[in-house]
Each structure stands twice: as C-alpha cells, then as structure tokens.
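In the working numbering, the protein residues as written are 227 to 633. What follows is a single structure, written as structure tokens, with notes after it.
What follows is the structure in structure tokens.
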C-alpha cells in the first residue's frame, strides 16, 4: 500500500515540499491541506506590486493548478485541520472528514501580530499577510487617501513606499528611534528614514499608538503617546509575525518560539516534520537556534524535509538571506547580525549605494547591501566558507567585492 505524506499549509514551504518530494523520488500519495481557498502563492509581492494593482492574481501563484495535477498531488484548499492524533496518525478536518498520514509536515507559517489598543477594531484598520487582506484594502488604496502605517519594519516601509509612489499621503509610526531598528544598525535605519522623507512620507519615530478613535465617514484618528492626532482613511499595521504552533502544540509536539525541529527538520514526534516560518531550528553556522521569516528559509527547509522523508538524512545548514525593495533601492541582507560589536560601512549612504558589514570579534556575521549586489554575494561566500576578512579591506573600495573573498 502506498505511503501518504500530508502537508499542512499552502505557502512557500508547503508548495516546495510537494515539488521536492517528487524530485527526490517519492512515489506515494501527497496531500496538501490549506485553509485559504487559493493555490499556494507568494507573499512578498503582496506589499508591493499586488497591493498597487500592478500584478494579476495568477502571477502570485507559485505553480498553476495543472502543475500539481501533473505531480499527482491532491490539494485540499479552503480546509483546515482541527486536531491531530499522532498515535493513530489521523487528522480531523473542519469539513467533518478525516485524513490519515504516514508522514506529516507542518508548513503552517505565521499570523500577524494584532493591535491591542482601544479602537483596534476600527474598520479603517487592516493587516497585510494574505490575499484577502490586500483585497480588503485595495479599494481605498488610491491617490489622495491618507494612509497611516503602524510599524517601521520591512512590511511597513514597503507598504509606505508603494503608497507614496501612487500618490497616497503617508504617515509611518515607529516605536523605536529609527525604522528597522530590530534588524539593522542605526545608520541603515536612518538611511531608509531619509529616502522615505524625500519621497514625501512623514515618519514619526519614538512614537507609540495609544488608541484609535472614530472620526466618522470611515476616518480613523490615531492618538499617540506624544499627543498627536493623526487622521487616516486607511491604517495598515505591520508589527510582527507570530508562528502558527497551536495545532502542533495541541498534538503534543514540542514548541518554543516556533515548532522545535532538529537539523533534519524533524519534530519531537516520530514521522512529523516542519518547515518555514513556523519552525525554530538549529543553525550550525551561528551555533544557535533561530526562527526565520523568509522565502529562502521556507524553500530550503521544504527541500530538507522532502529529502529526509525519502531517507537521505539531509541536514539544513544555510546562511539566511532576505531582500526588500523600496523605491529605487534594493536592500539585500545576508546573515544574522545578532551580537555584533562592530560595523564597517563601505561606500557612502548619500549615494544610495553602500554596504554595512556586521562583525563580532573580527568575524563577519552579516551584511546589509543597499544597491550593492556584489557585496551581498561576497559576504554570503565569506560567511558560508568561514573566511577571514580584514576591516581595512572591507572599507577599501579599491579592493573589489570579488577580491574580498580571496582574503
């Protein structure tokens, strides 16, 4: 009798697991269960081209329906798993049916962190995580609309950039001293604050949202700790992501800021794996556990899960990387800068083309490359190979990025 692998989640990790299972030679049944009714789709364009109405829905889909048919993968869309019995290896679904599995993969991703202040349920308030989220706000996403963005992270700034480009009046509220402060050094945060201000965006740092009041006619008034009252027809909140672990935890699977997995993406329960934003995994390069929210991580962990299901004992050992597009600026980040004690800036921020290297005790941890793809590639190789590089050479632009790898 054929084995059955069931994947819970219709995002990047789930779709990649389907593809990789067949590439690794899995001959059994594949069932993907997703609570959204759409085919698995990409999330990065949601805050950019799709929000702006510049991308048709079909281009969001990771693969067309015919592709899954060709792989003989069954998609149960608009269906959710209510409970899991890991002893009998049975899933109870919300439509009253059940599904058995031989291998189970959690690719449940995450959900947005929601506002808790008074007035958080105002109809002008929106979040940006799903297709439905974007489509619910697109009618108001028009020139002249007053948009308030709560949160100066990647999602908030990308939304602000697209909005400013399309003529919305944009205000960003950020609780910290500069945008991106949780993931980048102050110099990078200040750079992005400057380019947004140059584009007409009003950025309020060191500002907390205390409450939201109704002004009538669909207008929200955002009341801040500084006493400001900011009016907006549209409010987009981007204050972080929470991993979807509740289903796993209720099944007795170990969770700690994500579903806990080993280097093979195996959970604490036999025949159960996890991949993507929902996982807390070990990274041998940084010698610590981490939970990442990125396309790269989702894809590579999906590949790792598939290989291990097929008996190949593959270990996940990747240098994380991310990107963000804002105006004419592409930020490419490789590595994790946690614990850095020194930064080295290569190039001039005023030129809109520079790189910031993060080091700890002389070892390169990460780089933020702003319109500097060569430095991004060089840093990725240096970190992956554990190479040494001198501060002087990092700063010296007469030394090409490619030559840095030879140090």
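Ideal Cβ positions, reconstructed from N, Cα and C, are used throughout, including at glycine.
Checklist entry - Of all the beta strand (DSSP E) runs that stay within the bounds of the segment 493-520, which reach a length of 3 or more residues? => result 498-500, 505-509, 514-516
Next on the checklist: Within 8 angstroms, do at least three Cβ pairs link the segment 349-366 to the segment 476-493?
Outcome noted: no
Item to check | Reduced DSSP category for residue 601 - H, G, I as helix; E, B as strand; rest coil | outcome: For the purposes of this step, residue 601 is identified with residue 375 of the chain shown, where counting begins at 1. In this structure, residue 601 counts as helix in the three-state DSSP scheme.
Checklist entry - How big is the Cα-Cα spacing for residue 487 and residue 379? => result Locating residue 487 in the chain shown gives position 261, where the first residue counts as 1. Locating residue 379 in the chain shown gives position 153, where the first residue counts as 1. Cα-Cα distance, rounded: 27 angstroms.
Checklist entry - Which residues bound the beta strand (DSSP E) around residue 234? => result As a working mapping, residue 234 is identified with position 8 in the chain shown. 230-234 is the span of the beta strand (DSSP E), which, as asked, contains residue 234.
Checklist entry - Is the beta carbon of residue 527 less than 7 angstroms from the beta carbon of residue 502? => result Here residue 527 refers to the residue found at position 301 when the chain shown is read from its first residue. Here residue 502 refers to the residue found at position 276 when the chain shown is read from its first residue. Going by C-beta atoms, residue 527 is nearer than 7 angstroms to residue 502.
Item to check | Extent of the continuous beta strand (DSSP E) to which residue 256 belongs | outcome: Taking the chain shown and counting its residues from 1, the one referred to as residue 256 is at position 30. Its beta strand (DSSP E) spans residues 255-260.
Checklist entry - For residue 363, does the count of other Cβ atoms within 10 angstroms reach 16, so buried, or fall short, so exposed? => result Within the chain shown, residue 363 is the residue found at index 137, counting from 1. It is buried - the Cβ of residue 363 has at least 16 other Cβ atoms within 10 Å.
Next on the checklist: So the candidates are 512, 573, 627; which of them puts its Cα closest to the Cα of residue 610?
Outcome noted: As a first step, residue 610 must be located in the chain shown, where it is residue number 384. Comparing Cα-Cα distances from residue 610 to each of 512, 573, 627, the minimum goes to 512.
Checklist entry - Sorted by chain position, which residues of the same chain lie with C-beta nearer than 7 angstroms to residue 470's C-beta, five sequence neighbours on each side aside? => result Here the question's residue 470 lines up with position 244 in the chain shown. 334, 335, 336, 337, 504.
Checklist entry - What residue range is occupied by the uninterrupted alpha helix (DSSP H) comprising residue 288? => result Along the chain shown, one-based indexing puts residue 288 at 62. Element bounds for residue 288: n/a, residue is neither H nor E.
Checklist entry - With 16 as the cutoff for other CB atoms within 10 Å, does residue 453 come out buried or exposed? => result Your numbering for residue 453 matches position 227 in the chain shown. Exposed, since its Cβ has fewer than 16 Cβ neighbours within 10 Å.
Item to check | Cβ distance (whole Å) where residue 520 is taken to contact residue 384 below 8 angstroms | outcome: Here residue 520 is taken as the residue at index 294 of the chain shown, counted from 1. Here residue 384 is taken as the residue at index 158 of the chain shown, counted from 1. Not confirmed; about 14 angstroms, so no contact.
Checklist entry - Can residue 244 and residue 414 be called in contact, C-beta distance under 7 angstroms? => result Within the chain shown, residue 244 is the residue found at index 18, counting from 1. Within the chain shown, residue 414 is the residue found at index 188, counting from 1. In this structure, residue 414 does not lie closer than 7 angstroms to residue 244 by Cβ.
Checklist entry - Taking only runs of the beta strand (DSSP E) that begin and end inside the segment 349-425, which ones reach a length of at least 3 residues, in chain order? => result 351-353, 372-376, 395-399
Next on the checklist: Just to confirm, is the Cβ distance from residue 376 to residue 307 under 7 angstroms?
Outcome noted: Mapped onto the chain shown, residue 376 falls at position 150. Mapped onto the chain shown, residue 307 falls at position 81. Cβ distance not < 7 angstroms, so residue 376 and residue 307 don't count as in contact.
Item to check | Where the alpha helix (DSSP H) through residue 243 begins and ends | outcome: The residue you call residue 243 lines up with position 17 of the chain shown. Run containing residue 243: 238-249, per the alpha helix (DSSP H) assignment.
Checklist entry - Quick one: Cα of residue 392 to Cα of residue 398, how far? => result In the chain shown, residue 392 corresponds to position 166, counting from 1. In the chain shown, residue 398 corresponds to position 172, counting from 1. Those two C-alpha atoms are separated by around 16 angstroms.
Next on the checklist: Can you list, in chain order, the residues of its chain with a C-beta nearer than 8 angstroms to that of residue 491? Leave out the 5 residues immediately preceding and following it.
Outcome noted: What you label residue 491 is simply residue 265 of the chain shown in a count that begins at 1. Cβ neighbours of residue 491 beyond the five flanking positions: 499, 500, 501, 505, 507, 527, 530, 531, 534, 542.
Item to check | Chain-order list of residues whose beta-carbon lies under 6 angstroms from that of residue 374 (same chain, five-residue window excluded) | outcome: The residue given as residue 374 occupies position 148 in the chain shown. Excluding residues within five positions, the ones whose Cβ falls inside 6 angstroms are 397, 448, 456, 458, 461.
Item to check | beta-carbon residue 556 near the ligand ATP non-hydrogen atom, thresh 6 angstroms | outcome: The ligand ATP is not part of the structure shown, which contains no ligands of any sort.
Checklist entry - Does DSSP classify residue 576 as helix, strand or coil? => result Here residue 576 is taken as the residue at index 350 of the chain shown, counted from 1. Three-state DSSP puts residue 576 in a helix.
Next on the checklist: Distance check for residue 261 and residue 315, CA to CA, integer angstroms please.
Outcome noted: As a position in the chain shown, residue 315 is number 89, starting the count at 1. As a position in the chain shown, residue 261 is number 35, starting the count at 1. Whole-angstrom Cα-Cα distance: 20 angstroms.
Checklist entry - Are residue 318 and residue 324 close, meaning C-beta to C-beta below 7 angstroms? => result The count along the chain shown starts at 1 and reaches residue 318 at position 92. The count along the chain shown starts at 1 and reaches residue 324 at position 98. A contact, by the Cβ cut-off of 7 angstroms.
Next on the checklist: Under DSSP, the beta strand (DSSP E) around residue 620 begins and ends at which residues?
Outcome noted: Locating residue 620 in the chain shown gives position 394, counting from the first residue. No beta strand (DSSP E) holds residue 620; the alpha helix (DSSP H) holding it covers 617-621.
Checklist entry - I think residue 388 touches residue 273, with their Cβ atoms under 8 angstroms apart; what is that distance to the nearest whole Å? => result Translated into positions along the chain shown, residue 388 becomes position 162. Translated into positions along the chain shown, residue 273 becomes position 47. Contact holds; Cβ gap of about 7 angstroms.
Next on the checklist: Going by DSSP in three states, residue 528 sits in which element: helix, strand or coil?
Outcome noted: As a position in the chain shown, residue 528 is number 302, starting the count at 1. The answer is helix: DSSP assigns residue 528 an H, G or I state.
Next on the checklist: Taking the alpha carbon of residue 572 as the reference point, which residue from 267, 600, 361 has its own alpha carbon closest?
Outcome noted: One-based indexing of the chain shown puts residue 572 at position 346. Ranking 267, 600, 361 by Cα distance to residue 572 puts 600 first.
Checklist entry - For the putative contact between residue 524 and residue 558, defined by C-beta atoms under 8 angstroms, what is the C-beta separation to the nearest angstrom? => result For the purposes of this step, residue 524 is taken as the residue at position 298 of the chain shown. For the purposes of this step, residue 558 is taken as the residue at position 332 of the chain shown. About 17 angstroms; that fails the 8 angstroms criterion.
Item to check | Own chain residues within Cβ distance below 7 angstroms of residue 586, not counting five before or after | outcome: Translated into positions along the chain shown, residue 586 becomes position 360. Hits under 7 angstroms: 565, 566, 567.
Next on the checklist: Using DSSP's beta-bridge definition, name the partner residues of residue 307.
Outcome noted: As a working mapping, residue 307 is identified with position 81 in the chain shown. Its beta-bridge partners are 319.
Checklist entry - Should the segment 438-448 be regarded as contacting the segment 406-424, the criterion being three or more beta carbon pairs within less than 8 angstroms? => result no
Item to check | Where residue 446 falls: helix, strand or coil (DSSP) | outcome: One-based indexing of the chain shown puts residue 446 at position 220. Residue 446: strand per DSSP, three-state reduction.
Item to check | Nearest neighbour of residue 440, chosen from 622, 368, 230, 349 [CA to CA] | outcome: One-based indexing of the chain shown puts residue 440 at position 214. For residue 440, the nearest C-alpha among the options comes from 349.
Next on the checklist: Can you tell me where the beta strand (DSSP E) holding residue 473 begins and where it ends?
Outcome noted: The residue labelled residue 473 in the question sits at position 247 within the chain shown. It is not in any beta strand (DSSP E) - residue 473 instead sits in the alpha helix (DSSP H) that spans 472-476.
Checklist entry - Helix, strand or coil: how does DSSP classify residue 533 here? => result Against the chain shown, residue 533 aligns to sequence position 307. Three-state result, residue 533: helix.
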